[in-house]
Amino acid sequence: MKNYKGVTALVTGASSGIGKAFAEDLAERGAKLIITARSESGLQAVAADLRARFRSEVVVIPLDLGQPGASARLMEAVHSQGLTVDLLVNNAGFGKWGAFLDIEPPSNAEMIQLNVTALVELTRLCLPGMIARRKGGVINVASTAAFVPLPYAAVYSAAKTFVLYFSEALWGETRDSGVHVLALCPGGTASNFAAVASDLPGAGTGRPGLDTAEFVASEGLKSFLRRKTVVITGKGNQRLLWLPRLMSRKQIVVAMGDRWKAVVDQVAAARKARPDA
Ligand SMILES: NC(=O)c1ccc[n+]([C@@H]2O[C@H](COP(=O)([O-])OP(=O)(O)OC[C@H]3O[C@@H](n4cnc5c(N)ncnc54)[C@H](OP(=O)(O)O)[C@@H]3O)[C@@H](O)[C@H]2O)c1
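The working numbering puts the first residue of the sequence shown at 195, with every later residue one more than the last.
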């Protein structure tokens, strides 16, 4: 694939943040969009904007990918409209910050279902058609959290490590098939992510040093066309690759734990200070 003109792209988690930015960038580059997330009103607003600005063809399929069986239902809805997916952007995801024992088991299960299971299922459902047509591929949104075990975000960082390893391994299997697989690993990015992770509405959006969702999506789309396998966004985040040469694995985990414990403590203090606490 040399560009995105005329390509049909399925973007999950397109109602906000990085997924919305992917949809906008792809629409501007001439792609047809299938966008999904839970919020129908959020998706309709994105679709209306893309149709108005770029005259894009946009299909909206609201769905909760955190529910078992949702990936199959999504692809049935795609096929029932006579559509085939050239580019799958597995972006929908969320994290939870807190000690493992403080995060309720259903929340952990949903994190794994959405960040891991749905991503694998959608890839499995879309890949055969791409390979048959020798066109397109998959962008999986992992995270810089994939490179280091994160105490106080244990399930999230493990889920993103899965996404990274799965994507690279799949690239290894498909590299001669005419399709491409990219793991996009954003660092801190301004979106709803921190609000969801901390249960604090508005949290994190104004934090200095965050990338914009638009920058992250654009890096992802450029890197996919350049056939990169892994891309890390965010200033200085490349150093994560060097950490294991400088510190023992235990030292890395302790340092990350100290850092994330401070974040979790700040979040707890901010929650306590809320008027409704
Ligand atoms: N922001 C960061 O700092 C950062 C860093 C590294 C990686 N990432 C990754 O980037 C991806 C996008 O996150 P973001 O930062 O753009 O956060 P965001 O603004 O919260 O966007 C998350 C998207 O996922 C959708 N979503 C959440 N739960 C869903 C579910 N059960 N079923 C279907 N869709 C669901 C949300 O829409 P609805 O609520 O409408 O369902 C939304 O469109 C995630 O995979 C995240 O892990 C983010």
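Positions of the beta carbon are idealized from the N, C-alpha and C atoms, including for glycine. What you are looking at is a predicted structure, and each value in this text was computed from that prediction instead of being measured.
Rounded C-beta distance between A377 and A407? I'm assuming under 8 Å. That pair is no contact at about 18 Å.
Could you please give me the residues that DSSP links to L281 through a beta bridge? In the DSSP output, where bridge partners are listed per residue, L281 has A203 and G331.
Starting from A388, trace the alpha helix (DSSP H) in both directions and tell me its first and last residue. Element bounds for A388: F387 to S392.
In terms of alpha-carbon separation, which member of F341, R421, N197 and G292 lies closest to A463? Nearest of F341, R421, N197 and G292 to A463, Cα basis: G292.
Just tell me which of A225, N284 and L364 has its CA closest to the CA of H374. Closest option to H374, Cα to Cα, is L364.
Cα-Cα separation, L404 to K466: When the Cα atoms are used, L404 and K466 turn out to be separated by approximately 25 Å.
V254 vs A241 beta-carbon contact at 8 Å: Taking a C-beta distance under 8 Å as the contact criterion, V254 and A241 qualify as a contact pair.
Measuring alpha carbon to alpha carbon, tell me which residue in D219, F418 and P299 is nearest G372. For G372, the nearest C-alpha among the options comes from F418.
Is it buried or exposed, W454, if we count other Cβ atoms within 10 angstroms and call 16 or more buried? Around the beta-carbon of W454, 16 or more other beta-carbon atoms lie within 10 Å, marking it buried.
Which of helix, strand or coil does DSSP assign to I212? Here I212 sits in helix by DSSP.
Express the C-alpha separation of L277 and G382 in angstroms, rounding to a whole number. Distance between the alpha carbons of G382 and L277 is about 34 Å.
Taking C-beta to C-beta, are G289 and Y350 nearer than 8 Å? Yes; because the gap between Cβ atoms is below 8 Å, this pair is in contact.
Out of V390, L321, G260 and N285, state which residue places its alpha-carbon closest to the alpha-carbon of A303. For the residues V390, L321, G260 and N285, the minimum Cα distance to A303 belongs to G260.
To which residues of the same chain is I297 closer than 6 Å at the C-beta, ignoring the five residues directly before and after it? Setting aside the 5 residues that flank it on each side, I297 is surrounded in the same chain by K290, each with a C-beta closer than 6 Å to its C-beta; the list follows chain order.
Can you tell me whether DSSP reads L259 as helix, strand or coil? Three-state result, L259: coil.
Are V357 and N334 close, meaning C-beta to C-beta below 8 Å? Yes, Cβ-Cβ distance for V357 and N334 is below 8 Å.
To the nearest whole angstrom, what separates the beta carbons of L344 and M450, a pair I think is in contact under 8 Å? At roughly 5 Å, the Cβ-Cβ gap stays under 8 Å, so L344 and M450 are in contact.
C-beta atoms of T427 and V410 nearer than 8 Å: In this structure, T427 places its C-beta atom within 8 Å of the C-beta atom of V410.
T406 - partner residues in DSSP beta bridges: BP columns for T406 are empty, so no partner.
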